[in-house]
Amino acid sequence: MTTYPFLSDDWISAAIEVRQQYQDRLTPISVPVRLNMVVTEIPHRSEDLKGHVDNSGGQAIIEYGHLDDAQATITLDYETARAGLIDNDPQMLMQAFMRGKILLEGDPLQLMALQSSPTQPDPVAEQMHAEILKITAPD
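Next up, the structure:
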């Protein structure tokens with residue numbers, strides 16, 4: 078399987094394809110969040126990457142660009158984004174937040190809602206994450 082650098086255009090396209098394969102089987106999300114993200118210091122990009130998370134329709138959608146009506150905006154560096162989206166390392170995310178590596182503008186409850194997880198992991202989401210790992214080149 079071809080791998081791509083995390084957050085490269087090719088990786089984003091491949092990750093969207095994986096999400097589309099799984100989205101109809103994922104457990105619906107009960108807490109709506111509309112959050113803009115800015116990822117900085119991406120080694121293979123000349124500029125920051127702007128995207129958003131929107132799960133107000135019941136599924137977590139991560140896409141390019143900012144929402145006009147987002148409830149909050151987070152800014153984080155590449156390493157922190159990778160820890161959250163690829164490594165699934167909540168402890169590192171908490172440490173990054175405490176060290177000021179995750180900046181939040183807007184409603185802090187949105188960030189907490191995004192990080193909240195059900196007591197039982199969704200096996201379909203775990204399968205989807207495994208597929209995302211397969212397309213992600215090591216740093």
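FYI, the working numbering numbers position 73 of the sequence shown as 150, with every residue one higher than the one before it. In this text, a Cβ means the ideal position worked out from N, Cα and C, and glycines have one as well.
Assign G134 to buried or exposed, taking buried as 16 or more other Cβ atoms, counted over all protein chains shown, within 10 Å of its Cβ.
Reading the sequence shown from its first residue, position 57 is the one you call residue 134. Per the 10 Å Cβ criterion, exposed.
What residue from T104, I163, A92 and P185 has the CA that sits closest to E140's CA?
Residue numbering aside, residue 140 sits at position 63 when the sequence shown is read from its first letter. Of the listed residues, the one whose Cα sits closest to E140 is A92.
If you draw a straight line from the C-alpha of G128 to the C-alpha of R111, how long is it?
On the sequence shown, position 51 is the one that residue 128 refers to. On the sequence shown, position 34 is the one that residue 111 refers to. Answer to the nearest angstrom: the Cα atoms are 11 Å apart.
DSSP three-state call for G161: helix, strand or coil?
For the purposes of this step, residue 161 is taken as the residue at position 84 of the sequence shown. Correct three-state label for G161: helix.
For T213 versus I163, is the C-beta spacing smaller than 7 Å?
One-based indexing of the sequence shown puts residue 213 at position 136. One-based indexing of the sequence shown puts residue 163 at position 86. Between T213 and I163, the CB-CB gap stays under 7 Å.
So what's H129 in DSSP terms, helix, strand or just coil?
Here the question's residue 129 lines up with position 52 in the sequence shown. Reduced to three states, the DSSP call for H129 is strand.
Using 8 Å as the cut-off, can you tell me whether the region 205-212 makes contact with the region 80-96, which would need three or more C-beta pairs spanning the two stretches below that distance?
yes
Given a threshold of 16 other Cβ atoms within 10 Å of its Cβ, counted over all protein chains shown, does R218 qualify as buried or as exposed?
Shown here, the chain extends from 78 to 216; a query on residue 218 therefore has no answer.
I'd like to confirm the pairing. Which residues does DSSP put opposite R111 in its beta bridges?
Residue numbering aside, residue 111 sits at position 34 when the sequence shown is read from its first letter. Answer is D131.
Would the beta-carbon of N165 fall within 7 Å of that of H143?
To locate residue 165, count along the sequence shown from 1; it is residue 88. To locate residue 143, count along the sequence shown from 1; it is residue 66. No, these two residues do not count as a Cβ contact at 7 Å.
Have a look at Q136 and V95 and give me their C-alpha separation to the nearest angstrom.
Looking up residue 136 in the sequence shown gives position 59. Looking up residue 95 in the sequence shown gives position 18. Those two C-alpha atoms are separated by around 14 Å.
Quick check: G183 and A149, are their CB atoms within less than 7 Å of each other?
Here residue 183 refers to the residue found at position 106 when the sequence shown is read from its first residue. Here residue 149 refers to the residue found at position 72 when the sequence shown is read from its first residue. Result yes, Cβ atoms of G183 and A149 sit closer than 7 Å.
Does the distance from the C-beta atom of H121 to that of S85 stay below 7 Å?
Within the sequence shown, residue 121 is the residue found at index 44, counting from 1. Within the sequence shown, residue 85 is the residue found at index 8, counting from 1. A contact, by the Cβ cut-off of 7 Å.
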